[in-house]
Amino acid sequence: MVAAYGYHGNCDLARRTFDDTPDKNLASWNSIIAACSLNGRWKESFKLLQQMQVDGAVPDTVTLVTVLSSCAAGSAIAKGRAVHRFAAENGLMSDVAVANGVVDFYGKCGCLLEARAVLDEMAKLDEVTWNSLLAGYAQHGYGVETLEAFTEMQHRGYSANRITFMSVLHACSHVGLVAEGCKYFSSMIGDYGFQPIEEHCGCMIDLLGRAGHLSEAKTLLARMPFKPNLIAWMSLLGSCKVHGNLELGRDAALKVLEFDPENAAAHMLLSEIVT
């Protein structure tokens, strides 16, 4: 019941049910920690990790992965490092799920040297390990490092997936590597057989727009195998503002307002382009 309440967003009821449970086992602790993590109560999930040990329960890999996710979401670097130390001291870093959780935590918190160091120390890696590192690099603007790690990932025999390419395209966008981004986008479709999803196309629209390739960005919007979303049109509108393309900017603004007629940012950007 604790897990069910947490999954449906009723964390308070989950906590009361847990507190009323007389004989708490590991599954009980993991359920309430997961409920807190799922509902954004990150500090509480870490406190529960400490409390369970005081009560004599021994955390397992599920416990640590869940708490690491909470620490990453809450940017709780000191707490996440404490979990990492616990895992290392108790021989749990040999579990690839725990090690991946540590890499993901450090990557999301911007501790990229530590993320890379953990990856380098792992005896066994998988695609999740690399994707966690790539996402960390891309999220924090390390475009060159993202592409270097992607190349290394391939050379070491690990397969890229759609998540991999999201990080790669995001990196190209924020560093302004237009040719490289177009190459990877084409490779994703032609070489790997992955049809682009909204996030991939959004990265490409942002990449082309930032570089001033506005007509190419609009063409991509028109050829997407799904209806462009608000974020895509807002990205194009912002690029039109930066590069002074009034005609395309008006078109993009009107599309934005179709999604959200009261969108203040769209009205502001449109007025700035027109004036």
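Mapped onto full-length UniProt numbering, the consecutive letters of the sequence shown carry residue numbers 1 to 275.
No residue lacks a Cβ here, since even glycine has one placed at the ideal position from N, Cα and C.
Worksheet item: M166 by DSSP, collapsed to three states: which one?
Response: Walking along the sequence shown from the start, residue 166 turns up at place 166. In the displayed model, M166 falls within a helix according to three-state DSSP.
Discussion item. Less than 8 Å separating the Cβ of F86 from some heavy atom of the ligand ZN?
Written reply: The model on display carries no ligand, and the ligand ZN is accordingly not part of it.
Worksheet item: Under three-state DSSP, which class holds A78?
Response: As a first step, residue 78 must be located in the sequence shown, where it is residue number 78. A78 falls in the helix class under three-state DSSP.
Fill in: Simplified DSSP state of N100, which is helix, strand or coil
For the purposes of this step, residue 100 is identified with residue 100 of the sequence shown, where counting begins at 1. Correct three-state label for N100: helix.
Practice prompt. Please determine, among A138, P22, F18, the residue with the shortest C-alpha to C-alpha distance to W29.
Written response: If you number the sequence shown from 1, residue 29 lands on position 29. It is F18 whose Cα lies nearest to the Cα of W29.
Worksheet item: Just reading off the alpha helix (DSSP H) that D12 is part of, what are its end residues?
Response: As a first step, residue 12 is located in the sequence shown; it is residue number 12 there, counting from the start. Per DSSP, D12 belongs to the alpha helix (DSSP H) from 11 to 20.
Worksheet item: Can you check whether the CB of N100 is closer than 9 Å to the CB of V83?
Response: For the purposes of this step, residue 83 is identified with residue 83 of the sequence shown, where counting begins at 1. For the purposes of this step, residue 100 is identified with residue 100 of the sequence shown, where counting begins at 1. Not in contact: V83 and N100 (Cβ atoms no closer than 9 Å).
Fill in: Distance CB(H174)-CB(A138) smaller than 9 Å
Residue mapping note: residue 174 aligns to position 174 of the sequence shown, counting from 1. Residue mapping note: residue 138 aligns to position 138 of the sequence shown, counting from 1. Judged by beta-carbon spacing, A138 lies within the 9 Å limit of H174, meaning their Cβ atoms are closer than that value.
Discussion item. Along the chain, where does the alpha helix (DSSP H) containing V65 start, and where does it finish?
Written reply: Counting from one through the sequence shown, the residue named residue 65 turns up at place 65. It spans 61 to 73 - the alpha helix (DSSP H) in which V65 sits, taken as one unbroken run.
Item to complete: Report the residue ranges of all alpha helix (DSSP H) runs contained in full by the segment 106 to 189; include only those spanning at least 4 residues, in chain order.
Response: With a minimum length of 4 residues, the continuous alpha helix (DSSP H) runs that stay inside the segment 106 to 189 are 112 to 121, 127 to 139, 143 to 155, 162 to 175.
Worksheet item: Using the rule of at least 16 other Cβ atoms within 10 Å of the residue's Cβ for burial, across every protein chain shown, is L113 buried or exposed?
Response: Taking the sequence shown and counting its residues from 1, one reaches residue 113 at position 113. By the 16-neighbour rule on beta-carbons within 10 angstroms, L113 is exposed.
Worksheet item: Taking Cβ positions, are G170 and G209 nearer each other than 9 Å?
Response: Within the sequence shown, the letter at position 170 stands for residue 170. Within the sequence shown, the letter at position 209 stands for residue 209. The amino acid at residue 170 is misidentified as Gly; the sequence shows His. No; because the gap between Cβ atoms is not below 9 Å, this pair is not in contact.
Worksheet item: Roughly how many whole angstroms lie between the Cα atoms of R81 and G249?
Response: Residue mapping note: residue 81 aligns to position 81 of the sequence shown, counting from 1. Residue mapping note: residue 249 aligns to position 249 of the sequence shown, counting from 1. Near 46 Å, if we compare the C-alpha coordinates of G249 and R81.
Worksheet item: Considering only residues of the segment 186 to 267, which uninterrupted alpha helix (DSSP H) runs meet the minimum length of 4 residues and lie entirely inside it, listed in chain order?
Response: Runs of the alpha helix (DSSP H) inside the segment 186 to 267: 198 to 210, 214 to 223, 230 to 243, 246 to 259.
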